[in-house]
Amino acid sequence: MCPFIIAWTKCCTFLFQRKFVSEIKRCEEMERILGYLLKEIKKEDIPLPEEEVNPAAPLPKHVMVIMEQLQRLELELSEVTRNKEKLQKNLLELTEYTHMLHITRNFVHRSAEREPSRVQYEEFPFLEKEPMMDYTSMQRLGAKLGFISGLIQSVKIEAFERMLWRVCKGYTILNYSEVDGLLEDPDTGEPTRSVVFLISYWGDQIGQKVKKICDCYHCHLYPYPNSNEERTDVVQGLHTRIQDLHTVLHRTEDYLRQVLIKASESVYIWVIQVKKMKAIYHILNLCSFDVTNKCLIAEVWCPVNDLPALRRALEDGSRKSGATVPSFVNRIPSNDTPPTLIRTNKFTSGFQNIVDAYGVSSYREVNPGERIAIKKTLHFNINIDFINLGHGVIMALFALWMVLYENDRKLKKTRNEIWNIFFEGRYIILLMGIFSVYTGLIYNDCFSKSLNLFGSGWNVRAMYDHGGWKSNSFLALDPNVTGVFNGPYPLGIDPIWNLASNRLTFLNSYKMKMSVIVGIIHMTFGVVLGVFNHLHFRRTFNLYLIFLPELLFLLCLFGYLVFMIIYKWLFFTVRDSQTAPSILIHFINMFLMQGDSSQTLYPGQAGFQVFLVIVAVLSVPVLLLGKPLYLYWQHKGRDRLSMYRGYQRVRRSSEEEFSLMHAHDMEEGTSLDSHSCSSDSQSEEFDFADVFLHQSIHTIEYCLGCISNTASYLRLWALSLAHAPNQSQHILFFGRWAFIKAGTNRAVCARLGRKVF
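Reading the sequence shown from the start, the letters are residues 787 to 1543 in this note's numbering.
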């Protein structure tokens, strides 16, 4: 990485610092219009082009053309959409009006037929003599009777009826009937269940109250015809208008769809171009102007390997824009620590995100992201115990599908956060699935069932002939008996363990030890990576004062635990298994400095363990005090030597070396004076308390981390219980296995199979 200045020429001047605010606002306005277009295109289910395009950012003279096209499209679409919404609302209102006329046609006649002898309103004493009641007869009697009809939501009808009765004091008659099916609300467009009502009232004041109540309940009111002839004419006119509206609405939708199809051909290209323009103007706003306000200056960090590409890009930009003065790059010296740039691809980006979640490496340090790609997925299957062959196949196929269709825009552009997590980690899931298949074969586990691919190495007949089956009600295969154990299974765990009652005891002990071994190797690998940083920065003292104490503390305690596990596996056979010492007890006695002379792993174990504990304890003060004391001694006794780059010391009296290094610095854009001043300032600013505090935190974190990380690996092993099969299921299958192996009759095996293991 190197700092440099990029200078762009500009032929106009501005009065405020951020010169491209108006251009960014124009880009935001175009983004708003494009968002509106995309929403309308998706609403009409119009497919977007599937091919990948990467158009260049348009020139400033072409931006206004794109802006005019977008504004014209927005105006046309908004006008057509408004007309469409008005037509749809009008159509829904006419549909409701038709239902209302159809249902209210015989409201008055039905009420008169149901109650011919019941006394009507007191205001109309002569109505009881009339067998039929309609508006014409009421006019003939001289009554001022009015009607209000309309539709209301069915959930509001009861409250509406009570309100009419309380407010109008019984001077109204309410008839209503529910509409068959659902009708779309003209205001919201949502399908609702509606009720048609007809209110008969007497007097103008009552009519005003009824209308206000209808407004409060958001009723849709429609005029009620005065006669049957008028009703018939209105219904015929409604049918004609509805047909005309259907025709006009269909043509409007066709025209709207044609406009959207034409816009969909270019909308994706416009989206990319606007995003690029906005990004360019945003970067230009971060630049500063020179004193003439004609030249933009940007101070940025850039990788050294990308400098030729940067120069070519500036040259191409100057040539395409027709600038009279070309853009140029100047490298400047800097004492600041450059930022960390980690180049990733679609495979390593997922693993790098995991590493970055814990912390980003400093400049020019070793990046562990690429080194954990395989180790992390294998560690997932070994320690978390996701060792199921069937689950691994399903996971691998799912990840393989995502990898094969990774260029599908629908999979990449979704807004589902959970799906985005899976899609970004598709290669992690693929490797985890592949290693789950591998570890499933090693542990011989497929959906909690073992695969007998090569035949078991254990034989029940030898135990039966030996008499162990006859004397014991509970059979346990003894490998010490000749013929019981014929040899190890060629690949992984023998399938007979899937039928054993002590399967969990055996496999969990094995997996626990494997988790500890893999965990210690993992932590040791992390400590060893620090060696490359110390050697690269030529801080040799860190090898002796940091790396060596850390390695001794880790290996003398937990590395020795791995040694005891492997030693017990190698030197204690099945004949010694009953008298083999416990590793856990020995590890605890190691810290207590106690030994059991009756049960030892090897001669001289007690003394060797005391020696390891002493070495581990002594490495802690070295790790704590070594580096601060060394830097303090170095600061006090440097004897007029200056640090050059933090790697080596150069005597100022050597003019020849000074000139050579100055020439090398000029090639790399730095100067010896700046480094000398930097080292002098660093030496003058040396604070022993600050260094000691940081080293204390590091020491405490490392020592406690060794213990907690080891326990964390055991915690992950404990998750294997989630994949542990049900033992009661396996015992049911043992009768068939015993029949094949022992060669006895099926009835005996069916009886004895319940007692085996």
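Here a beta-carbon is modelled for each residue, glycine too, at the ideal position from N, C-alpha and C.
Note that the coordinates shown come from a computational prediction; the quantities given were computed from them, not determined experimentally.
- Query: Does DSSP put Arg804 in a helix, a strand or coil?
  - Reply: Position 18 of the sequence shown, counting from 1, holds the residue named residue 804. Correct three-state label for Arg804: coil.
- Where the alpha helix (DSSP H) containing Arg1027 begins and where it ends: Your numbering for residue 1027 matches position 241 in the sequence shown. Element bounds for Arg1027: 1014 to 1072.
- Message: Run through the DSSP bridge pairs and tell me what Tyr962 is partnered with.
- Response: For this step, residue 962 is matched to residue 176 along the sequence shown. DSSP output for Tyr962 lists Phe983 as bridge partner(s).
- Message: Suppose the cutoff is 6 Å on Cβ atoms and the five residues either side in sequence are ignored; what does the same chain contact list for Val981 look like?
- Response: For the purposes of this step, residue 981 is taken as the residue at position 195 of the sequence shown. The answer, listed in chain order, is Ile938, Ser940, Ile943, Tyr962, Glu964.
- Under three-state DSSP, which class holds His757? The chain is shown only over 787 to 1543; residue 757 falls outside these bounds and no answer can be derived.
- Query: CA-CA distance, Arg804 and Gln855?
  - Reply: What you label residue 804 is simply residue 18 of the sequence shown in a count that begins at 1. What you label residue 855 is simply residue 69 of the sequence shown in a count that begins at 1. Approximately 28 Å between the Cα atoms of the pair.
- Taking the DSSP output, what are the residues bridged to Gln991? For the purposes of this step, residue 991 is identified with residue 205 of the sequence shown, where counting begins at 1. Its beta-bridge partners do not exist; DSSP assigns none.
- Message: Check this for me: beta carbons of Val1021 and Leu887, under 7 Å apart or not?
- Response: For the purposes of this step, residue 1021 is taken as residue 235 along the sequence shown, with counting starting at 1. For the purposes of this step, residue 887 is taken as residue 101 along the sequence shown, with counting starting at 1. A contact, by the Cβ cut-off of 7 Å.
- Message: By the three-class DSSP mapping on this structure, what secondary structure does Thr1326 have?
- Response: Your numbering for residue 1326 matches position 540 in the sequence shown. Of the three classes helix, strand and coil, the one that applies to Thr1326 here is helix, per DSSP.
- Task: Could you tell me whether the region 999 to 1013 touches the region 840 to 848, where touching means 3 or more Cβ pairs closer than 8 Å?
- Result: no
- Alpha carbon to alpha carbon, how far is Pro972 from Ala1143? Give it in angstroms, no decimals. The residue given as residue 1143 occupies position 357 in the sequence shown. The residue given as residue 972 occupies position 186 in the sequence shown. Taking the straight line joining both Cα atoms gives about 52 Å.
- Query: Exposed or buried, what is Thr1485 when buried is set at 16 or more other beta-carbons lying within 10 Å of its beta-carbon?
  - Reply: Residue 1485 sits at position 699 when you count from the first residue of the sequence shown. Buried is the call here.
- Ser986 and Phe946 look like a contact to me (Cβ under 8 Å); what is the Cβ gap, rounded to whole Å? For this step, residue 986 is matched to residue 200 along the sequence shown. For this step, residue 946 is matched to residue 160 along the sequence shown. Not really, about 15 Å apart at Cβ, beyond 8 Å.
- Message: Let me check understanding here. Comparing Cα to Cα, which of Pro1089, Phe1311, Ser1287, Val1111 lies closest to Pro1124?
- Response: Counting from 1 along the sequence shown, the entry for residue 1124 is found at position 338. Comparing Cα positions, the closest option is Pro1089.
- Per-residue DSSP class, three states only, for Leu834: On the sequence shown, residue 834 is found 48 positions in, with the first residue counted as 1. Three-state DSSP puts Leu834 in coil, outside helix and strand.
- Item | Status (buried if at least 16 other CB within 10 Å, exposed otherwise) for Ala1402 | One-based indexing of the sequence shown puts residue 1402 at position 616. By the neighbour-count rule (16 or more Cβ atoms within 10 Å), Ala1402 is buried.
- Message: Going by the DSSP bridge assignment, what does Ile938 pair with across the sheet?
- Response: Taking the first residue of the sequence shown as position 1, residue 938 is located at position 152. Per DSSP, Val981.
- Message: Quick check: what's the CA-CA separation for Phe806 versus Ile1140?
- Response: One-based indexing of the sequence shown puts residue 806 at position 20. One-based indexing of the sequence shown puts residue 1140 at position 354. One C-alpha to the other measures close to 38 Å.
- If you draw a straight line from the alpha carbon of Leu859 to that of Glu826, how long is it in whole angstroms? Start at 1 with the first residue of the sequence shown, and residue 859 comes out as number 73. Start at 1 with the first residue of the sequence shown, and residue 826 comes out as number 40. Each residue's Cα considered, the two are about 12 Å apart.
- Message: For the structure I just gave you, are there three or more beta carbon pairs, one from the region 1265 to 1276 and one from the region 1240 to 1255, closer than 8 Å?
- Response: yes
- Spatial distance of Asn1206 from Arg1212 (CA atoms): Looking up residue 1206 in the sequence shown gives position 420. Looking up residue 1212 in the sequence shown gives position 426. Distance between the alpha carbons of Asn1206 and Arg1212 is about 10 Å.
- Message: Are the CB atoms of Ser935 and Tyr1008 within a distance shorter than 7 Å?
- Response: Sequence index remark: in the sequence shown, residue 1008 carries index 222 (1-based). Sequence index remark: in the sequence shown, residue 935 carries index 149 (1-based). Cβ atoms of Tyr1008 and Ser935: closer than 7 Å.
- Item | Alpha-carbon spacing of Ile1228 relative to Asp1280, whole angstroms | Numbered from 1 along the sequence shown, position 442 holds the residue referred to as residue 1228. Numbered from 1 along the sequence shown, position 494 holds the residue referred to as residue 1280. If you take the alpha carbons of Ile1228 and Asp1280, they lie about 10 Å apart.
- Item | Cβ-based neighbour list, Leu877, same chain, cut-off 8 Å, excluding 5 preceding and 5 following | The residue labelled residue 877 in the question sits at position 91 within the sequence shown. Cβ neighbours of Leu877 beyond the five flanking positions: Ile1028, Leu1031, His1032, Leu1035.
- Would DSSP call Glu1487 helix, strand or coil? Translated into the one-based positions of the sequence shown, residue 1487 becomes position 701. In the structure shown, Glu1487 sits in a helix (DSSP, three-state: H, G or I).
- Determine the closest residue to Val1317 out of Arg1097, Ile1332, Ile1303, Ile1058, with distance taken between C-alpha atoms. Within the sequence shown, residue 1317 is the residue found at index 531, counting from 1. Of the candidates Arg1097, Ile1332, Ile1303, Ile1058, the one whose C-alpha sits nearest the C-alpha of Val1317 is Ile1332.
- Close Cβ partners of Ser1464 (< 8 Å) along its chain, the five nearest in sequence each way excluded: Position 678 of the sequence shown, counted from the first residue, corresponds to residue 1464. At Ser1464 the pLDDT is 44, less than 50, meaning the model places this residue with poor confidence and gives no usable figure here.
- Query: Can you find a heavy atom of the ligand NAD that lies under 6 Å from the Cβ of Cys1073?
  - Reply: Looking for the ligand NAD in the displayed structure turns up nothing, as the structure carries no ligands at all.
- Return the CA-CA distance between Val1304 and Ile1173, expressed in angstroms with no decimal places. In the sequence shown, the residue the question calls residue 1304 occupies position 518. In the sequence shown, the residue the question calls residue 1173 occupies position 387. Val1304 and Ile1173: Cα-Cα distance of roughly 15 Å.
- Item | Paired residues, beta bridge with Leu931 - DSSP | For this step, residue 931 is matched to residue 145 along the sequence shown. Its beta-bridge partners are Trp988.
- Item | Meets three-Cβ-pair contact criterion under 8 Å: the region 1390 to 1400 and the region 1358 to 1378 | yes
- Per-residue DSSP class, three states only, for Glu970: Indexing the sequence shown from 1 puts residue 970 at position 184. DSSP places Glu970 in strand when its eight states are reduced to three.
- Query: Is it the case that the Cβ atoms of Val1189 and Leu1042 are separated by a distance below 7 Å?
  - Reply: Reading the sequence shown from its first residue, position 403 is the one you call residue 1189. Reading the sequence shown from its first residue, position 256 is the one you call residue 1042. Contact: no.
- Task: Give the DSSP-derived three-state secondary structure of Phe1397 in the structure shown.
- Result: Locating residue 1397 in the sequence shown gives position 611, where the first residue counts as 1. Phe1397 falls in the helix class under three-state DSSP.
- Identity of the residue in Gly1219, Lys1196, Ser1148 nearest Gly1176 by Cα: On the sequence shown, residue 1176 is found 390 positions in, with the first residue counted as 1. The shortest Cα separation from Gly1176 among Gly1219, Lys1196, Ser1148 belongs to Gly1219.
- Message: Can you give me the C-alpha to C-alpha distance between Ile1282 and Glu1156, rounded to a whole angstrom?
- Response: Indexing the sequence shown from 1 puts residue 1282 at position 496. Indexing the sequence shown from 1 puts residue 1156 at position 370. Each residue's alpha carbon lies about 40 Å from the other.
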